[in-house]
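The next block holds one structure in the form of structure tokens; read it before the comments.
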Amino acid sequence: MTTDQKTFRRYLITVFEDQCSDIIRTMMWMSNHFQRWPHTVRVAYHRLSIAERNAVVREVLVNGD
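If you're matching positions, the sequence shown starts at 1 in my numbering and goes up one per residue.
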């Protein structure tokens, strides 16, 4: 896992926990509040390919952490 993936993963897990482990709510919140993301997370997210982003989401869904 790349550094950018790890950055995105940490933030995704934080939001996932804040949204009571509801992935649909997590994705909606992240989509609706993109401008509120920390700058480092936004930069990391933009540098990731779609496949890399999906790998992070898949890992969080499968492992739950």
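Virtual Cβ for every residue (Gly too), placed ideally from N, Cα, C.
For clarity, every value in this text was computed on a predicted model and none was experimentally measured.
Are any of the Cβ atoms in chain D nearer than 8 angstroms to that of residue i?
i	result
arginine 42	Among the chains of the structure shown, chain D does not appear; only one protein chain is present.
Where does the unbroken alpha helix (DSSP H) through residue i begin, and where does it stop?
i	result
leucine 61	50-63
aspartate 4	3-18
histidine 39	39-47
serine 31	23-32
Out of the options, state which residue places its alpha-carbon closest to the alpha-carbon of residue i.
i	options	result
tryptophan 37	Val60, Leu48, Ser21, Tyr11	Tyr11
So, under 8 angstroms CB-CB, residue i and residue j are touching, yes? Tell me the CB distance rounded to an integer number of Å.
i	j	result
valine 60	isoleucine 13	6 angstroms
phenylalanine 8	valine 41	6 angstroms
alanine 55	glutamine 5	7 angstroms
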